[in-house]
Structure formats: structure tokens, C-alpha cells
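If you count the sequence shown from 1, position 413 lands on 950 in the numbering used here, and the numbers rise without skipping. Ideal Cβ positions, reconstructed from N, Cα and C, are used throughout, including at glycine. Everything numeric in this text was worked out from a predicted model, so none of it was measured. See below for the structure under consideration.
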Amino acid sequence: MAIDPLKKLTLIAPVASGPLVLKTLQRLGCVQVCDVAERLPAGEEQMLSRGAVSADAVEENLRKVDLILHLLDTHAPKRQSLMDALAPLPMLVEREEIDRAVREFDLEGYHRGGAALDETWRGLERRIADLRSQIESLSPHRIVPFALGDLSRPRRTRLLYGTADRQRAADLRSRFAWEILPQEDTASKRVPIVLACLREEEDSARQALAGLGFEEALLPGVSGKPLAVIRELEAELQRAEAAFEAATEQIRALAVHRRTVTILKAYWTSRRGREQAAAKSLQGKWVHVLCGWIRVRDLPKLRESLAGEVPGAEIVLEDPGPEDEVPVSLSMHHTWRPIQGLVSMFGLPPYRDFDPSPFLLVNFYVFFGICFSDVGYGVMLVLFSLWLAHRNREHTAANDFARNLLYAGLSTIVFGVLLGSWFGDLPKYLGEGNFLLALQQRFAMLDPLTRILDALLLALGIGILNQFYGIAVKMYGALRQGDWTTAICDGLFWLIALPGLVIMAARMFVDLPPALWNTGLALFLTGSLGLVLTQGRDVKHPVGRLLTGVVSLYGIVGSYGFTAFLGDVLSYCRLLALGLTTGIVANTFNMLADMAGSAPVVGPLFFIVILLAGHVFNFLISLLGAFIHSMRLIYVEFFGRFYEGGSQPFRPLGFDSPLAAVREPAKT
């Protein structure tokens, strides 16, 4: 339960061993590589130079892999379960499988074939679209009995083809030479017609025709009879569609290599990381120099591997300096490691600070349990998390998340028992004297639906205690660094004043013994006096120092404030709100199911269907709300008292890809 101690590493090896050093470090996955030039004193970097590093080959291979994967994703998408789609996990591969894929798979050949297939497929797609467009443009003219090229053949006359209003066709007959063509829809108000005029009279003829309702057809650029051309185009379309399907099937046939190509994508992505690490190293005439960070616990592994694989390599270790921005790696016992995910989501602590993860083990699960607080939903969550943990047993992050849900589910069961919620009030609908009703009545200590004021006081009490807990953790962090001033002035004085404030505020609601009131007043005055005298300690002028101390009590300046305390405590009312919402919605579905269950014949079926659908819906919605609001209480109200994240995580050079992860051999 701590921040891993790190060492500054300088690795010196024979210049010819540079690539081997990087390959070894990537296999071990224990060194975060840094730029050597940033570590060397000013002027000394001129004694070394950057090696000739080019990632062109890596990028070219990645481009080839991406094309093949894009083809597969487009034409043969991988079937995924809902769980895989929501939370995709990298596939696990053996190192031997990676080496075999790199060594044996003909990436160049498959890329060449894939690119050719892609070009063919796209060309056929365009051709099919063009043919369909031509057929569509010719279809209105399919009954024209002459070749369309004949319309432009006469030298002295101009033939115009279009449609005219059936009722005004007589006006056209009296002024133009015309011929009405046969049509499929004899009931249409417009008729196809061919008109003739002298070429020198074309402009005046068009003006006259426009006034008589004639609309000239826009003819496609073909010369044959439309029906014959359409049949030729349809035959060509059939051939193109057949070729299109054949090309698609050829692309889909590449899907048998999807796993191998995905492995290559992960491999070349990691190789790009290795090339980037190589660009951060320097070399001289005889030596290759690499700098980085390493966890102390990984030193034996590194020394053993270098001794066997890179003869002549030497490492120099240094402690981090006060000005160094040290990356952070957290370690925790396997059982409690899931809680570290919450810290990582918020931001890692400074290297010289402490890991806050152990301090979340109680309050987060208490918050979650109260928000969800139903035995039935807790059992559902436990069963789901056990299945999820087993399914992802080889994926550390996913397994930790599943176990986090497991612990949250156990807390939900405990608080569901204490608050008397078993799928809401379902036991009372299962008949008198049933086993669940007996358990509910025996162990329930507080029903928030009937004793809402007591539940509210419980939520506020938890909020007060959690605020005191956060201040105490702040004192712990200050004392770890020997900062007694901060521990006393920004911690202890608040722990004296705030309990006094709570006691004094309680007098507005209940009668307090005089001794308790006097104790609260003394605590409040003592703590407030200490705060007034110390919160402005960084201000030089004595009057300004005193004024700053007074204003700090409100919370505008200083480490905390009475108004901030009040606002934070009131925020814990969400524990009651979430718990009530879960119970009320569950009770509502129980009532609806009971009402529907009274129907003849189909009543029992309706009862079961409404119960299942309603409680699954409430489970999902309430689970999301419980998780989000519990994290909110941790991140804002709890972390706000003592914690600031933002450190860079420790990222060792390794096989780093979201698509694949190396399955390490089991330790014997």
C-alpha cells in the first residue's frame, strides 16, 4: 500500500549493443526511457550524438497492416458480444506467436493483394452506381420506338422530344409537325411527343412550346433505342454485381488472418515505441547511453537479463533529486488493489507524498452500500462481478474493476439487510410468514421510508465523520514529511473547532446538557482562535496576518472554512436520496406487479415479467447512480480535504498496444 520507490537509471553499453539493449528493455517492461540530453550537465551532451534512427519502415508496415484491418472491418466485421463492445479488451498472445507472425506472415504479399482487391472493389462499386444511374435515366424513355441518335440526324430540321399536356395537344398540332408516341400509362395527363421545326426557327419554336405546356426531356448520351440500351446495361450490371460479390468474398477470405494481422498491428505499434525510445538515447564512438526510471523491485530482473543478453552493459543508479519530476507507480496487495483504480481515475499523487488508496477502503464501499442498499441487488451485483472477474481473470485492469464491483456488492448486501430492503418490499407480496419476510423483519434496523429524519441524520453524521477523517489524513500526510506546522495549523485546529461547531449547532434541534454545550463552546473558541492566529502565517504584516486569519474562518482564504464544511456535509444528503430512490422505484415495481398479478389466467405471468423487467431496470439505473455519486463524494468532499493528484504515471517501455497483450508464463 505505497508508492513504489524509483531510481534514476543510466545504462551504458557497447555502441553496437544499442538495439539489443532496447529490445531487452522492451521485453522486460520495467524501464521508462527518458531523453539522455535532459539528464546530462550543460555542455556534456556535445560529447555524444543522436544515433541514426528512422521509423519509416515501422510506419510503412503500420500503414500496410491498417489497410488490411480496414478491409476486414468493412467487409467482414468481427462479431462481438455486448460486453466486448462496451469494454473491449486486448487479446492475449504468447511471445512465440508474436515472433511467428512477424517471421512467417507475408505482410507485403497480403498488402499488395488487399490493395488490389480494394481498388477492384471500389472500381466495381463506382461502375455499379454509374450503371444504375444510366438505367434510371433511360427508364422513362424505354418505350421510345426509335434510336435516340435519330433526333439529331436531320440537317435542316430540329426534332424535339418531350411531354405535353394531353388537353393542349390540339394546339400543338395546329402549329408544328408532331407525332404522339405510345405510352405505358394511358391515364396520364401528359403524353410523350416528338415535334419538328426548321433549325433557323428553333428559338421561336421553343418559346412558343413553353407557353403551350411542352417540357423537353433531358436525354442521356446514348444513340440506340432506349429499351435495347437498357437491356445491355442491365446485363453489364449483372456481370458487375457478380464481380463485386466475388471481390467481396475474396476480401472476406482474408478474415482467417485477422488474429495474425492484429498481432502485427500491436507489434509494429510497440516497435514504434521502441524507435521513439531509441531517439532519446545518445551514443559516442564506443558507447551507447540510455537514461530512464526503474522501480527498485525491478532491479534484480534487469541486472540478470543484461548480464545474460548484453555483455559489457553497466547501469548507474541515483536517487531522485528534489527538482526531478518523478513518475509514479502504485503497488498494493492483490486483495485490495481494485480501489487503486479510483485513485488513478482522479490522478496519481506526487512521488514524495503518500498513496491515498488505503484510506478509501472503508468510506467508498460504505457510500456505495448506502446508495444501493438492497439485498437482492447486492446479490445480483456479486454474481455479475464474480462472472466478470472469472471472464477477465487474465486482464488485470478488468479483473480489478470486477472485484471492485464484488466488494461494492457485498457492502450493498450488508446495508440492504440493515435497512430492510430485499428487492424493495417484495417479501410482503410473497405471502404471510415467508422466509424472506422473516429475515427482513429480524435484521432491519432502520427503514428510511418510514424514519426519513433518522436516515437524514445518519447521512449527515457520516458526512461529518468523513470530513474529520479527511482532515486527519491531511495531518498524517504533513507529519510524514515532518511538517508539524501544517499538521497543527491546517489540521488539528480544524479538528478542534469543527466538533465544537457541530455541538453548538445541535443545540438548535435538541436539548443539550450544559456541560456538553460548554465543552462545544470551548472547543469552537479554542480552535477558532488557533485558526485566526495561524491561517495568515504567510502574510508579513501583523494586521494583514490577523485579518487573513479571521476571513479564513469563512473559507474565502486558507485551507478550509466553516461554510465549506457545511456545504460538504450537506452534500452527503445524496446518500439518503440515492438510497430512497432505489427503494421507492423497487417498491413501485412490486406494487405494479402485484396489481397485474391479480388478473385471471395470465396474472402470474404478468407478475413475473413486470418483476423481472422492473428490477433489472432499477438495478442498472441505481447501480450507475450509486457508483457515480460515491465517487463524487470521494473526489470532491473527501479528496478536497487533503489530496491533489496530477502526477505522471510510470510508463515503462514494453509491448504497449490496446489490441494485444503478452501473456506472461506462470511463475513456478
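Within 10 Å of its beta-carbon, does R940 have 16 or more other beta-carbons around it, so buried, or fewer, so exposed?
buried
For H678, count the other beta carbons within 10 Å of its own beta carbon; 16 or more makes it buried, fewer makes it exposed. Which is it?
buried
Same chain only: Cβ atoms within 6 Å of P551, ignoring 5 sequence neighbours per side:
G849
Mapping DSSP to helix, strand and coil, what is H927?
helix
Check D991 in the structure and name its three-state DSSP category.
helix
Take E855 as the anchor and find which of G1191, T547 and L1170 has the nearest alpha-carbon.
T547
According to DSSP, simplified to helix, strand and coil, what is C567?
coil
Quick one: what does DSSP say L732 is sitting in, helix, strand or coil?
strand
Hey, how far is the Cα of P1010 from the Cα of M917?
The question names Pro, but residue 1010 is Val in the sequence shown. Rounded to the nearest angstrom, the two C-alpha atoms are 34 Å apart.
Taking 7 Å as the limit between beta carbons, can you name the residues of its chain near M982, skipping five residues before and five after?
L955
How would you label A814, buried or exposed, when you count the other beta carbons within 10 angstroms and need 16 or more for buried?
buried
Using a Cβ distance threshold of 8 Å, determine whether the stretch 885–893 contacts the stretch 973–993, with at least three qualifying pairs required.
no
Boundaries of the alpha helix (DSSP H) in which M1132 is found, first to last residue:
C1110 to G1134
Inter-residue Cα distance where the pair is W1031 and G1064:
6 Å
Provide the residue(s) that pair with S881 in DSSP beta bridges, ordered along the chain.
S881 is not bridged to any residue.
CB contact flag (G1037, M1012, <8 Å):
no
Only counting runs of 4 or more residues, tell me where the alpha helix (DSSP H) segments fall wholly within the stretch 613–695, in order along the chain.
619–623, 632–641 and 644–675
Whole-angstrom C-beta distance between Y902 and A945, which should lie under 8 Å
6 Å
Between which two residues does the beta strand (DSSP E) holding A1198 run?
A1197 to V1199
Classify H871 as buried or exposed, calling it buried when 16 or more other Cβ atoms lie within 10 Å of its own Cβ.
exposed
Quick one: using the 10 Å Cβ neighbour count with 16 as the cut-off for buried, is Q820 buried or exposed?
buried
Compute the distance between the beta-carbons of E846 and V590, then report whether it is under 8 Å.
no
G1086: buried (16+ other C-beta within 10 angstroms of its C-beta) or exposed?
buried
Can you give me the Cβ contacts of R664 inside the same chain, cut-off strictly under 7 Å, excluding the 5 residues immediately before and after it?
A777
Check the C-beta distance from G1182 over to P886 and give it rounded, since I have them as a contact under 8 Å.
6 Å
By how many angstroms is the C-alpha of R632 removed from the C-alpha of T1205?
Unreliable positioning characterises T1205 in this predicted model, as indicated by a pLDDT of 45, which lies under 50. The coordinate reading is nonetheless provided below. Those two C-alpha atoms are separated by around 18 Å.
Under 6 Å Cβ to Cβ from T1125, same chain only, skipping five residues before and after it: list those, please.
none
Reduced DSSP category for T872 - H, G, I as helix; E, B as strand; rest coil
coil
Cβ shell of A1136 (< 8 Å), same chain only, five flanking positions each side left out
F1143
Taking the beta carbon of G1014 as the centre, do at least 16 other beta carbons fall within 10 Å, making it buried, or is it exposed?
buried
Span of the beta strand (DSSP E), counted from its first residue to its last, around A550:
L543 to P551
In three-state DSSP terms, what is V899?
coil
Could you check if G1151 is buried or exposed, using at least 16 other CB atoms within 10 Å of its CB as the buried criterion?
buried
For Q744, count neighbouring Cβ atoms within 10 angstroms of its own Cβ and tell me buried if that reaches 16, exposed if not.
exposed
Between the CA atoms of S868 and V1047 - distance to the nearest angstrom
47 Å
Assigned secondary structure, W805 (DSSP; H/G/I helix, E/B strand, else coil)
helix
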